[in-house]
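Scroll down for the structure; my scribbles are underneath it.
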Amino acid sequence: MNSEKSRDFVQNILITGLFVLAVILFVQTQLYNLGLDAASLAPSPVPADNGAAVRTPVLSAPVRVAVTGVYGRYGSLTLSTTSETFDNPLGRSLAEALGSAQSFSLCGDAAFFAALDAPSIYYDFLEPLPLSVLSGLLNGAENVSEELSARCLVISGQPGGAALLYLWDGSGAYYRCPTALSSSSVEQVVGQYELGGAYFAQDLGAESLRPNSLFLEEPPSLPVLSVGDPLSDTDWLLTALGFNPRSRTRYLDASGTETIMDGDRSLRILANKTVYYQSGSEPTLTIKAEDEIPTLREAALGAGGILNGLTGSVGGSAALYLQSIRQTGAVTSLRFAYQSGGIPIRISGGSAAEITLTGTSVTALTLRLHSYGLTEELSMLLPLRQALAVAAAQPGAELSIAYVDRGGDCRANWIAD
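Residues 192 to 608 in this note's numbering are what the sequence shown spells out, letter by letter.
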């Protein structure tokens with residue numbers, strides 16, 4: 192009798208366990224049918240809604256810097272806006288200058304370059320960006336103009352007065368504006384750097400080059416970058432974008448393009464590792480904004496957050512930076528490139544990433560996924576004098592250093608354009 196009771200007890204436990212297992216399998220099946228998997232229930236690298244407002248910059252922009260004093264210039268070509276050595280005092284000085292700038296007036300290029308000969312701090316962000324976006328990259332004030340864009344800026348001290356902020360918009364216009372920074376505070380920043388060894392083209396008499404070309408007496412030692420394949424397995428990308436890796440509408444065509452459908456959303460991954468995302472009638476990728484149409488700052492930081500979620504764990508030693516942003520009505524278009532250690536990376540085939548926002552929704556995304564690693568081999572750069580001689584054959588060109596991704600590896604080179 193006791194043995195029968197024991198047998199019944201064990202059978203009841205087994206039946207209960209099988210029932211629980213059946214419920215779990217049923218729930219998983221329903222989740223898969225909805226285009227979800229277990230990973231999507233955990234915090235995602237690319238949330239459908241970015242939630243709380245951005246508190247810290249999610250983008251890292253390369254920036255060239257020159258600090259000028261009585262005894263010469265200090266310069267750096269290997270900084271980004273998230274570098275600790277840039278944040279304080281260089282980044283904070285520019286954030287304060289942008290936050291306190293009230294009224295810009297046109298000035299000539301002569302005034303801009305004359306400001307470089309006073310105690311000053313010079314910033315070159317490589318691409319023209321709206322002042323509000325630059326302030327966002329510096330975690331600065333939000334009430335900064337979206338009307339003006341700048342590629343290069345100078346904070347220049349004036350004897351006995353407030354420091355002036357000069358900017359060049361990257362094309363032909365120069366502006367200046369008083370700031371809340373004192374000239375003595377600019378001199379204090381200048382005093383923290385060992386001056387000498389940095390030059391603009393005009394300092395070297397290289398009149399054939401663009402005047403804002405910045406050089407160091409000794410070019411930086413830059414490692415060769417290895418180029419990896421972050422898409423040897425694509426399941427992680429599908430999960431990050433909210434697609435089901437086990438979708439029945441996932442197929443590979445003869446060209447090597449992988450296509451995944453989820454309702455009217457689509458994701459295509461080409462053999463060359465270019466990713467094309469197209470939203471459906473109900474976009475699932477959105478950015479945070481106060482209104483239906485985001486400000487340029489909100490769009491830049493929101494799109495940057497999405498891209499960081501996709502590339503942050505696979506990009507290696509490189510990060511994306513914003514090259515351009517344009518807004519027409521409710522549509523905002525953004526382009527991004529890779530940089531490593533403050534040095535831009537040039538890849539064939541156009542931009543590294545492009546995002547189209549309609550309102551706050553991502554309606555299209557193109558991403559060329561590349562993974563870069565540091566090697567012990569150094570890039571072989573021509574000495575400065577030889578590089579200047581070669582660039583002289585292209586009057587009006589800007590001479591700078593950039594990585595060039597040729598597929599197998601990525602080496603730093605002098606670039607004249």
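No residue lacks a Cβ here, since even glycine has one placed at the ideal position from N, Cα and C.
Item: Going by C-alpha to C-alpha distance, which of 480, 372 and 601 sits closest to residue 292?; Value: 372
Item: Roughly how many whole angstroms lie between the Cα atoms of residue 583 and residue 448?; Value: 44 Å
Item: On the DSSP letters alone, give me the boundaries of the alpha helix (DSSP H) that residue 290 sits inside.; Value: 283–291
Item: Helix, strand or coil for residue 254, going by three-state DSSP, please let me know.; Value: strand
Item: Taking the DSSP output, what are the residues bridged to residue 266?; Value: 257
Item: In chain order, what residues of the same chain lie with their CB nearer than 6 Å to the CB of residue 273, ignoring the 5 residues before and after it?; Value: 251
Item: Let's test the definition: count the other Cβ atoms within 10 Å of the Cβ of residue 267 and tell me whether it reaches 16, buried, or not, exposed.; Value: buried
Item: From the DSSP secondary-structure annotation, give me the bridge partner or partners of residue 337.; Value: Its beta-bridge partners do not exist; DSSP assigns none.
Item: At what residues does the alpha helix (DSSP H) containing residue 419 begin and finish?; Value: Element bounds for residue 419: not the alpha helix (DSSP H) but the beta strand (DSSP E), 414–419.
Item: Excluding five sequence neighbours on each side, which residues of the same chain lie with their C-beta closer than 8 Å to the C-beta of residue 420?; Value: 464 and 562
Item: With distances taken between CB atoms, is the gap from residue 147 to residue 514 smaller than 8 Å?; Value: There is no way to answer for residue 147, as the model of the chain reaches only from 192 to 608.
Item: Note the first and the last residue of the continuous alpha helix (DSSP H) segment covering residue 603.; Value: Residue 603 -> not in any alpha helix (DSSP H); beta strand (DSSP E) instead, spanning 600–607.
Item: With a threshold of 8 Å on Cβ separation, who are the neighbours of residue 365 within its own chain once the five nearest residues in sequence on each side are excluded?; Value: 297, 298, 299, 300, 302, 303, 357, 358 and 359
Item: So for residue 366, helix, strand or coil by DSSP?; Value: strand
Item: Go ahead and label residue 435 buried or exposed: buried means 16 or more other beta carbons lie within 10 angstroms of its beta carbon, across all protein chains shown.; Value: buried
Item: Would you kindly report the start and end of the unbroken beta strand (DSSP E) that includes residue 596?; Value: 590–596
Item: Since residue 530 contacts residue 271 with CB under 8 Å, what's their CB separation in whole angstroms?; Value: 7 Å
Item: Using the Cβ count rule (16 or more neighbours within 10 Å means buried), how would you classify residue 488?; Value: buried
Item: Following the continuous beta strand (DSSP E) through residue 553, name the residue where it begins and the one where it ends.; Value: 552–559
Item: Just reading off the beta strand (DSSP E) that residue 577 is part of, what are its end residues?; Value: Segment 575–582 is the alpha helix (DSSP H) holding residue 577; no beta strand (DSSP E) there.
Item: What residue range does the alpha helix (DSSP H) around residue 375 cover?; Value: 374–381
Item: So residue 549 is in the beta strand (DSSP E); what residue range does that whole segment cover?; Value: 544–549
Item: Between which two residues does the beta strand (DSSP E) holding residue 315 run?; Value: 311–321
Item: What's the gap between the Cα of residue 469 and the Cα of residue 281?; Value: 40 Å
Item: Could you give the distance in angstroms between the alpha-carbon of residue 341 and the alpha-carbon of residue 446?; Value: 43 Å
Item: For the alpha helix (DSSP H) containing residue 500, name the first residue and the last one.; Value: 487–502
Item: Can residue 590 and residue 404 be called in contact, C-beta distance under 8 Å?; Value: yes
Item: Is the Cβ-Cβ distance between residue 310 and residue 260 less than 8 Å?; Value: yes
Item: Determine whether the beta carbon atoms of residue 142 and residue 535 lie at a separation below 8 Å.; Value: Look at the range of the chain in this structure, 192 to 608, and you will see that residue 142 is not part of it.
Item: By Cβ distance below 6 Å, which residues in the same chain neighbour residue 607 in space, the five residues on each side in sequence not counted?; Value: 582, 585, 588 and 590
Item: Suppose you measure from the CA of residue 547 to the CA of residue 319; what does that come to, to the nearest Å?; Value: 19 Å
Item: Whose C-beta lies closer than 7 Å to the C-beta of residue 290 among residues of the same chain, with five residues either side of it excluded?; Value: 326, 331, 332 and 335
Item: In three-state terms, what does DSSP make of residue 280?; Value: helix
Item: By how many angstroms is the C-alpha of residue 429 removed from the C-alpha of residue 592?; Value: 36 Å
Item: Straight-line CA distance for residue 440 to residue 459?; Value: 12 Å
Item: Who are the Cβ neighbours of residue 619 in its own chain at under 8 Å, not counting the five residues just before and after it?; Value: The requested residue 619 does not occur in the structure, where the chain is confined to residues 192 to 608.
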